[in-house]
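A short write-up of the structure that comes next.
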Amino acid sequence: MSRSRSRNVNFFDGSTGAHLGGVRQNGSITNGNLFHMLMDILLVVEAMVTIKSRATGQQMPLNTEPLEVGARGNIKLTDDMCMQRVISHSNSDRGSSFREEVRARDRKCVLTGVINPAAGWGDWSGYEAAHIFPMEKETLWNQHNLSRWITNTTGRHNATINSSKWHDGYKTTHFGGDGWGVDGRVLDPVCRDPNDPNRVADNLLRWHFCQSVLANMRGPVSPSSNTTSPQVRM
């Protein structure tokens, strides 16, 4: 099913009326959040834009009030790449080491905050150690010089523990129906302790959030991948 069907906020070019995209508002997106997503990620603009309601013509204030559902207008979309990703499982020694390191650091799902009570005896059923940057895209990693943030895509800096069914205070934004109730939650501190040399990399979280905005908000959305994890705003 197309992810665009879940959108309850849409935006349009105020000059032509062309539909440019939209987003699902589950409650955590503020007016200021939308402005950041548009101005800093989705749009190509030569000057500051004004965002208005199509229904009332009223200008949207840039504040922390929850974004109202409806339609907005006046802009051109970026053509920045959105990366497709798939679920990948590795049985290699490197993959096993990666999982054990991330499990030892997080000990829980860092999105929901649910602790794994069976971690002590090695049962991680229902939990996945998830890469922030997909391993299968290592060529793009090198092309875009992302090694300036971390040197190893298989390390703990590129991973969090997620339940198998994310800088705005590390707030989670869910772009779908949010059946797990994680929209608006704060990413668990266990994976982002500034004193931990193995903490998840902030720049990768920002990159991941930008990718999610591009995939879910621009025009007809990109085809769904096999994973639809929520995203953290940095």
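Counting in my numbering, the sequence shown runs from 25 upward without gaps.
Glycine residues also receive a C-beta, built at the ideal position from the N, C-alpha and C atoms.
**Item:** Boundaries of the beta strand (DSSP E) in which N222 is found, first to last residue
**Value:** As a position in the sequence shown, residue 222 is number 198, starting the count at 1. N222 -> no beta strand (DSSP E), and no H or E assigned at all.
**Item:** P90 in three-state terms, based on DSSP
**Value:** Here residue 90 refers to the residue found at position 66 when the sequence shown is read from its first residue. Reduced to three states, the DSSP call for P90 is strand.
**Message:** Comparing C-alpha positions only, which one of H60, D103 and N140 sits nearest to P85?
**Reply:** Position 61 of the sequence shown, counted from the start, is the residue given in the question as residue 85. Out of H60, D103 and N140, H60 has the C-alpha closest to the C-alpha of P85.
**Item:** Inter-stretch contact at 8 angstroms, needing at least 3 Cβ pairs: the region 119-131 / the region 214-223
**Value:** yes
**Nearest to G208 (by Cα), restricted to the options T54, N32 and N34** = The residue labelled residue 208 in the question sits at position 184 within the sequence shown. Considering only alpha carbons, the answer is T54.
**Asked** Taking DSSP as the reference, what is the three-state secondary structure of C234?
**Response** Within the sequence shown, numbered from 1, the residue matching residue 234 stands at position 210. C234 falls in the helix class under three-state DSSP.
**Prompt:** Between the Cα of P221 and the Cα atoms of E125, A239 and W145, which residue gives the shortest distance?
**Reply:** For the purposes of this step, residue 221 is taken as residue 197 along the sequence shown, with counting starting at 1. For P221, the nearest C-alpha among the options comes from E125.
**Request:** Can you say whether R238 is buried or exposed, counting buried as having 16 or more other CB atoms within 10 angstroms of its CB?
**Result:** If you number the sequence shown from 1, residue 238 lands on position 214. Here residue 238 is Leu; the residue named in the question, Arg, does not match the sequence. Counting Cβ neighbours within 10 Å, L238 comes out buried, since at least 16 surround it.
**Prompt:** Name the DSSP beta bridge partners of L67, please?
**Reply:** Residue 67 sits at position 43 when you count from the first residue of the sequence shown. Beta-bridge pairing links L67 to L101.
**Request:** Mark Q49 as exposed unless 16 or more other C-beta atoms lie within 10 angstroms of its C-beta, in which case mark it buried.
**Result:** Numbered from its first residue, the sequence shown carries residue 49 at position 25. Flag for Q49 reads buried.
**Message:** Which of the three DSSP states is assigned to R29 in this structure?
**Reply:** Here the question's residue 29 lines up with position 5 in the sequence shown. DSSP places R29 in helix when its eight states are reduced to three.
**Alpha-carbon spacing of H43 relative to G200, whole angstroms** = Locating residue 43 in the sequence shown gives position 19, where the first residue counts as 1. Locating residue 200 in the sequence shown gives position 176, where the first residue counts as 1. Taking the straight line joining both Cα atoms gives about 20 angstroms.
**Message:** Do N32 and V93 count as a contact pair if the criterion is CB distance below 7 angstroms?
**Reply:** Looking up residue 93 in the sequence shown gives position 69. Looking up residue 32 in the sequence shown gives position 8. Closer than 7 angstroms, so yes.
**Message:** What would DSSP say about A143, mapped onto helix, strand or coil?
**Reply:** Along the sequence shown, read from residue 1 onward, the residue named residue 143 stands at position 119. DSSP places A143 in helix when its eight states are reduced to three.
**Message:** Would L135 and V73 qualify as a contact pair, given that the criterion is a beta-carbon distance under 7 angstroms?
**Reply:** As a working mapping, residue 135 is identified with position 111 in the sequence shown. As a working mapping, residue 73 is identified with position 49 in the sequence shown. No, they are not a contact pair.
**Asked** Taking the Cβ atom as the reference point for each residue, do F157 and L228 lie within a distance shorter than 7 angstroms?
**Response** Here residue 157 is taken as the residue at index 133 of the sequence shown, counted from 1. Here residue 228 is taken as the residue at index 204 of the sequence shown, counted from 1. Yes, the pair counts as a contact, with Cβ atoms nearer than the cut-off.
**Message:** Between which two residues does the beta strand (DSSP E) holding G203 run?
**Reply:** Within the sequence shown, the letter at position 179 stands for residue 203. Neither: G203 is in no beta strand (DSSP E) and is coded neither H nor E.
**Request:** Within 10 angstroms of the Cβ of M241, are there 16 or more other Cβ atoms? Answer buried if so, exposed if not.
**Result:** Stepping through the sequence shown from its first residue, residue 241 is reached at position 217. Buried: at least 16 other Cβ atoms inside 10 Å.
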